[in-house]
Each structure stands twice: as structure tokens, then as C-alpha cells.
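S.K.:
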Amino acid sequence: MKKILGFLVLVMLFGAGCLLYVPYDESNRPPQENSYEGDRGAYGGLDTAYFYEQMQPYGRWVSYSAYGYVWIPRDVGYKWRPYSRGNWAWTDYGWTWVSLERWGWIAYHYGRWGWDRRLGWFWVPDVVWGPAWVAWRWGDAHIGWAPLPPGVDFIPGRGFGRHQWDIPGHYWNFVRGRDFMDRSLDRWILPAERNVTIVNLTVLNVNVNVRDNRVFNDGVDVEYVRRLTNKVVDKYTLKAAPRAGEARLEGRDVVLYKPDIVRNDAAKPKQFVEQDKAADELDNERAGRIYRQVPRDGSAALRQAHEQEVKLMQDSQESEVNEIRRKADDEKAKIQNPAEKQKVDGQVKSKIAELKKKHQEEKAEMTERQKAEEAKTKKAPVKKKIDKN
């Protein structure tokens, strides 16, 4: 049964220091079962040590007091969030994340993502595979998803139980509904300053369960997606890949490596750093971030990204206002009494005025952040990182 709960949350605070900005390139459903056996036998016996080995080239392992060994990705944009570089596909496992990142077949299908003020985003390993470990929000104009935080285990046959989710505002990726099926969603994710308003205009849904012996993420209603995107939502079949690698679409298949993993509490990464040392190293990196390739000077890249943010915010805000007016027109069409229609007009005017006030606050917050980013970028050295791989 779907559980809907709204929360008022805070906007994300970004780390300090100089930085170099480089953008990325661009039913009928079966009845729920109470059993889950995973994919034992489909692959050779693997345990947690396999994660430590596979993820090492793409980031750093950190000994973290709350969760043991956690992994922090390397070479991601400073405003990067989990489940942002890729696209959603509706499959026989529900909404499935198809990542554009080399390590995405692990970090978006096993484990949870957490946030630390100094470390930023970190991944906590777990052994249960899922199509996407995310919560959802949607309303009249927007769709959003956020990584489920660590500390709550999914128990096959019982799910997450009666857990009350309190997901921070900066965890959320929101897009306009019409952009949800795009293959490169990071181009359309709204500025974080929009999150507080949108959280209050959407409903929360965490509906991950087991159906037909598989973990299923029900998520946002498919008919709703069809209506907002004005597109047919094709259903894909999830096909197990024979070896590790990026997820990919092949015809009507989503090909994804999804081995069964056994927990091994004795395993640990071959290389890791302590939490405080990792925080110091990350602070230094953020003070002058170096990337494999710099396509143009950092100021021009940042300016283009800021212009895109302004446009996305403006379009998103306008869609909210237009939705209020549309609903009011539908309501007035059913009313015969002129006085009642006038009352509706007054309510709409008040509601729009209140919403526009919030919109102005969002714009001011974004402008302040962008100015700070421009100042940091001017101080950052423009260098090229030597690929050691």
C-alpha cells in the first residue's frame, strides 16, 4: 500500500573553497509475493569484497564512523547528486535507473547514499539488488526522486516496514514533468533553490516491494508520466548482463549486470583513508578541482551553466503558476453563480501572489549562490588532470 507523507525540508548547502566548473557532456501488474531468492546461481559466488575491488578505480574508500567503509566518487561536478546522470526506464522491475556512469551498475542498485557536510555524497554498500533505491515525489507540474538514506534495511518479504521517511531537501532531483523521460536527465534537473517550494507542492511515495520474486520499485504512476510527458512509456525487459559494465538499452531490453552478493563483514578495501583525512583531502580538491579535460575556460563554462539554471527556474516557476490558473478555470467552468466565480478569482489571485513571493526568494538565493561560484571560479587554476588509468 502506498504511503504518502509530505515534509518541509532545507535547501542544500554547498562546500566552500575555490572551484573549477566543468559541466558533463551531455498494467496490469502481478500480485505481490512475500518471497525473494535473488539471483543465486546466475553468477559465481561474490561477496562484499567484490564491491571494494570494483569501485576502487572510480573513487576513494573511507573508514566512516557511522557506517563502516563508504565510497566517495571521483571526478563528479561539485553540484552533482546521485541518480542524476542517466535516465529512467519502466521495466518488469518497475522504474529502473540506467546510469551513464561506469560504476553506476553497483552504486545505484545496491546500497544507499548518504550526505556529510565535509565529505559530500558517499555510498554505503549493501547486498540486496534493486532497480533503484529511491523515494519519489510528484505533483501537478514536477517529478522528483531522491536516494534513500542509509541506516534502513530492505528485508525481502517485509520491505522497509513502517519506517517514517524524513529525506532532506537537498537529496531531491526535480525535473519538469515533460522532461522526465529524457535520456540525459542531468540537463533538466532544477536548481536546488527550487526544492523547498516543490517539496511542499508534491507528495512523497516510497513503494519498494517484492513481486514475482523480484525487487520492484513502483514509484511514480505510469499513466501520470504519459500525461505529463505526452509520450508513450515503453515497457522494457531487464536482461542480466554476463559481466560487469555500464547499463545500456538494447532494443526493448535494459541490459544490466546484477550478480547476487553475499555479505562479508570481514572484508575491507585494499586502500582506504580515515574520515578526517578524507575530509581534508576533499577540502583541498574542492579548492582547485582538476578534471581530465577542460573544453573551454572555466568562467565561460560556468556562465553557460548559470544561464541554463536561470531558464530552468523561470520555466518551472511559470508552469506552477499556469497550473493554478488552469485548475481555477476548470473549477469556474462548473460554477453558474457569478459571485462564486468571483470568489474563486480572489482565491487564485491570493494563491498566485503567495507563490510568486516564494519564487522571488528562490531567484534571490540562486543569484547569491551564482555570484559566489563565479568568484570562486576566477580564483581556481585551469589545469588538466593526467589520466593515470
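Residue numbers (our numbering): 9 to 397.
Glycine residues also receive a C-beta, built at the ideal position from the N, C-alpha and C atoms.
A quick note: this is a predicted structure, and the numbers were derived from the prediction, not measured.
(1) I need the DSSP call for Trp79, collapsed to helix, strand or coil.
(2) With burial defined as no fewer than 16 other Cβ atoms inside 10 Å of the residue's Cβ, what is the status of Asp337: buried or exposed?
(3) Can you tell me which of His171, Pro199, Ile151 and Val214 puts its alpha carbon nearest to the alpha carbon of Phe188?
(4) Looking only at its own chain, which residues have a Cβ that is under 7 angstroms from the Cβ of Lys386, when we skip the five neighbours before and after it?
(5) Can you name the start and end residues of the alpha helix (DSSP H) that Trp196 belongs to?
(6) Is Asp55 near Ala275, with beta carbons less than 8 angstroms apart?
(7) Measuring only the C-alpha atoms, how far is Tyr232 from Asn213?
(8) Considering Phe162, what are the terminal residues of the alpha helix (DSSP H) in which it resides?
(9) Going by DSSP, what residues sit across from His150 in a beta bridge?
(10) Using DSSP with H/G/I as helix, E/B as strand and the rest coil, what is Tyr72?
(11) As an exercise, report each continuous alpha helix (DSSP H) stretch of at least 4 residues that is fully enclosed by the region 99-149, in chain order.
(12) Output the distance between the C-alpha atoms of Asp174 and Trp180, rounded to the nearest integer angstrom.
(13) Touching or not, the region 99-115 and the region 129-145, by the rule of three or more beta carbon pairs under 8 angstroms?
(14) Is the beta carbon of Gly227 closer than 8 angstroms to that of Trp113?
(15) Give the secondary structure of Pro346 by DSSP, where H, G and I count as helix, E and B as strand, and everything else as coil.
(16) Can you give the beta carbon distance from Leu193 to Gly94, rounded, assuming they're within the 8 angstroms contact cut?
(17) Rank Glu362, Ala309, Asn215 and Ala341 by C-alpha distance to the C-alpha of Glu328 and give the top, closest one.
(18) Given 7 angstroms as the limit, tell me if Ile332 has its C-beta closer than that to any heavy atom belonging to the ligand ZN.
(19) Going by beta carbon distance, what residues of the same chain come within less than 6 angstroms of Pro158, once the five residues before and after it are set aside?
(20) Could you check where the alpha helix (DSSP H) with Asn203 kicks off and where it finishes?
(21) Applying the 10 Å Cβ sphere with the 16-neighbour rule, what's the burial state of Asn432?
(22) Going by beta carbon distance, what residues of the same chain come within less than 7 angstroms of Ser2, once the five residues before and after it are set aside?
(23) Mapping DSSP to helix, strand and coil, what is Asp261?
(24) Assuming Arg145 contacts Thr210 (C-beta within less than 8 angstroms), just tell me the rounded distance between them.
(25) Can you give me the C-alpha to C-alpha distance between Pro155 and Pro176, rounded to a whole angstrom?
(26) Distance, Cα to Cα, Gln350 vs Ile197?
(27) Alpha carbons only, please: which of Lys340, Val318, Gln344 and Asp83 is nearest the one belonging to Glu376?
(28) Under the three-state reduction of DSSP, which class applies to Gly253: helix, strand or coil?
(29) Take Tyr60 and list the residues in its own chain whose beta-carbon comes closer than 6 angstroms to its own, dropping the five residues that flank it on each side.
(30) So the candidates are Ile206, Thr205, Ser71 and Arg170; which of them puts its Cα closest to the Cα of Asn217?
(31) Could you please give the first and the last residue of the uninterrupted beta strand (DSSP E) stretch that includes Ala248?
(32) CA-CA distance, Ala286 and Trp69?
(33) Where Gln279 and Trp79 are concerned, what is the direct C-alpha to C-alpha distance, given to the nearest angstrom?
(34) So the alpha helix (DSSP H) Leu236 belongs to, where does it begin and stop?
M.R.: According to the structure shown:
(1) Trp79 falls in the strand class under three-state DSSP.
(2) Around the Cβ of Asp337, a 10 Å sphere holds fewer than 16 other Cβ atoms; the residue is exposed.
(3) Among His171, Pro199, Ile151 and Val214, the Cα nearest to that of Phe188 is on Ile151.
(4) Around Lys386: Ser307.
(5) Bounds of any alpha helix (DSSP H) do not take in Trp196, whose DSSP letter is neither H nor E.
(6) Cβ distance < 8 angstroms, so Asp55 and Ala275 count as in contact.
(7) Spanning the two alpha carbons is a distance of roughly 14 angstroms.
(8) First-last for Phe162: undefined, no H or E at that position.
(9) Among the bridge pairs identified by DSSP, His150 is matched with Arg184.
(10) In the structure shown, the three-state DSSP call for Tyr72 is strand.
(11) Here the runs fully enclosed are 112-115.
(12) Taking the CA atoms as reference points, Asp174 sits about 12 angstroms from Trp180.
(13) As far as the Cβ criterion goes, the region 99-115 touches the region 129-145, which means the pair count is three or higher.
(14) Cβ atoms of Trp113 and Gly227: not closer than 8 angstroms.
(15) In the displayed model, Pro346 falls within a helix according to three-state DSSP.
(16) The Cβ separation is near 7 angstroms, so the contact holds.
(17) Of Glu362, Ala309, Asn215 and Ala341, the smallest CA-CA separation from Glu328 is found for Glu362.
(18) Ligands are entirely absent from the displayed structure, and the ligand ZN is therefore not among its contents.
(19) Counting only Cβ-Cβ distances below 6 angstroms, and skipping sequence neighbours, we find Tyr75, Arg120, Gly122 and Val132.
(20) If you look at Asn203, you'll find it in the alpha helix (DSSP H) that goes Asn203 to Val207.
(21) Here the chain covers residues 9 to 397 and nothing more, so residue 432 does not appear.
(22) Any question about residue 2 goes unanswered here, given that the chain covers just 9 to 397.
(23) Strand at Asp261.
(24) Between Arg145 and Thr210 a beta carbon distance of about 4 angstroms is seen, short of the 8 angstroms cut, so the two are scored as contacting.
(25) Those two C-alpha atoms are separated by around 10 angstroms.
(26) Cα-Cα distance, rounded: 37 angstroms.
(27) Here the closest residue by C-alpha is Val318.
(28) Gly253 falls in the coil class under three-state DSSP.
(29) These residues qualify, in order along the chain: Pro277.
(30) Selection Ile206, Thr205, Ser71 and Arg170 evaluated against Asn217 yields Arg170 as nearest (Cα-Cα).
(31) Ala248 -> beta strand (DSSP E) spans Lys243 to Ala248.
(32) Straight-line Cα distance between these residues: approximately 9 angstroms.
(33) Approximately 11 angstroms between the Cα atoms of the pair.
(34) Val230 to Thr237 is the extent of the alpha helix (DSSP H) around Leu236.
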